[in-house]
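See structure below.
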Amino acid sequence: MSYTWAGDEPPSHPPFTLCERLRVAWRGTLIALVLVIGLLLMMLLRLVERPMHGMDRPWTPHITRAVCRIVLRIMGLKVRASGSPPATRGALVANHSSWLDIFVLNSRQTVYFVSKAEVAGWPGIGLLARATGTVFITRDRRDAAAQTALFRERLIHGHRLLFFPEGTSTDGRRVLTFRTPLFAAFFDDALVHETSVQAVSLAYRAPDGADPRFYGWWGDMDFAPSLARVLAQRQQGTVEVVCHPALRVDGFANRKSLAHALEAQVRAGHAAALAKRR
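The numbering of the sequence shown is our numbering, which starts it at 11 and goes up by one.
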């Protein structure tokens, strides 16, 4: 069963003006064109990459990163990165505020998202997720062994897996308690001494005059209206990406202590970024 954070009621917005409708139309068209071209290039390149490199993907992630950077540029959302360089091997965890997180994190480094299985069936989004190597999982404990084996295989191939331990997205003004089951996979005998996990804090600054929760996506909010609202915005805000020092898994006794330490890093970075913005 999926968990959804409800929180407060989303902010209300006035109807779109003509200029905003036109902005949604031309930005949306450009983004759709970029996504389609990127997907086609990736699928064609994968025809050569897969026979030569198997599960390894030395080429196609560069297309993903370029596409996400172009999409963010079309939107006008500025990304400011700081902190430790990305871990060369292992996994990453981040707080989850918006559907924008996917574009922001993919634009900075090569990562492979861990997502709930039902996303694979979403129209459009599911196809993009599958093409970019997303790892789909269920929350059924009976599948834990298979998921651990999948994590192990991907990590052994050098894939940096990224997941959102909160289990849901929020309004961007808080960090929820990390859920710990997925961390158990890192204590597998084949991974525990070879894997590090890096925490990443994402903090959004809303456009001037907009509700601070402008970029948040939570509760019963639908994707399409949220996307349209972002595309309609003439002057965008910013998002800060703070990468924290990676933590070795074998430095912790169990999944709960590891999750707690990573959550503390994410909370500190998120709070510091929001305080600096204020």
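In this text, a Cβ means the ideal position worked out from N, Cα and C, and glycines have one as well.
Give the single residue among THR180, GLY229, HIS72, ILE135 whose Cα lies nearest to the Cα of PRO222.
The option with the nearest alpha carbon to PRO222 is THR180.
Does DSSP put GLU250 in a helix, a strand or coil?
It is a strand residue.
In this structure, what does DSSP give as the bridge partners for GLY100?
Beta-bridge pairing links GLY100 to SER206.
Go ahead and label THR142 buried or exposed: buried means 16 or more other beta carbons lie within 10 angstroms of its beta carbon, across all protein chains shown.
Counting Cβ neighbours within 10 Å, THR142 comes out buried, since at least 16 surround it.
Give the straight-line distance between the Cα atoms of ASP230 and LYS286, rounded to the nearest whole angstrom.
Rounded to the nearest angstrom, the two C-alpha atoms are 30 Å apart.
Are VAL81 and VAL44 closer than 8 Å when you measure CB to CB?
Their beta carbons are under 8 Å apart, which means VAL81 touches VAL44 by this criterion.
Alpha carbon to alpha carbon, how far is THR158 from ALA195?
In a straight line, the C-alpha of THR158 is about 5 Å away from that of ALA195.
Can you name the residues that DSSP bridges to SER211?
Bridge partners of SER211: VAL252.
By the 10 Å Cβ neighbour count, where 16 or more other Cβ atoms means buried, how is ARG215 classified, buried or exposed?
Burial call: buried.
From PRO20 to GLN119, what distance separates their C-alpha atoms?
Spanning the two alpha carbons is a distance of roughly 31 Å.
Are there 16 or more other CB atoms within 10 angstroms of the CB of ILE47, so buried, or fewer, so exposed?
So ILE47 counts as exposed.
If we count the other Cβ atoms within 10 Å of its Cβ and call it buried at 16 or more, is TRP36 buried or exposed?
Exposed, by the Cβ-count rule.
How many whole angstroms separate the CB atoms of SER236 and TRP109, which I take to be in contact at a CB cut-off of 8 Å?
About 7 Å separates the two Cβ atoms, so the contact holds.
In its own chain, which residues sit with a C-beta less than 6 Å from the C-beta of GLU250, not counting the 5 before and 5 after it?
Around GLU250: ARG90, ALA213, ALA283.
Taking all protein chains shown into account, decide if PHE233 is buried (16 or more other Cβ within 10 angstroms of its Cβ) or exposed.
It is exposed - the Cβ of PHE233 has fewer than 16 other Cβ atoms within 10 Å.
Can you find the residues in the same chain that come closer than 6 Å, C-beta to C-beta, to HIS169, ignoring five residues on each side of it along the sequence?
The residues are TYR122.
Roughly how many angstroms lie between the CA atoms of PRO175 and PHE113, to the nearest whole one?
Roughly 18 Å between the two C-alpha positions.
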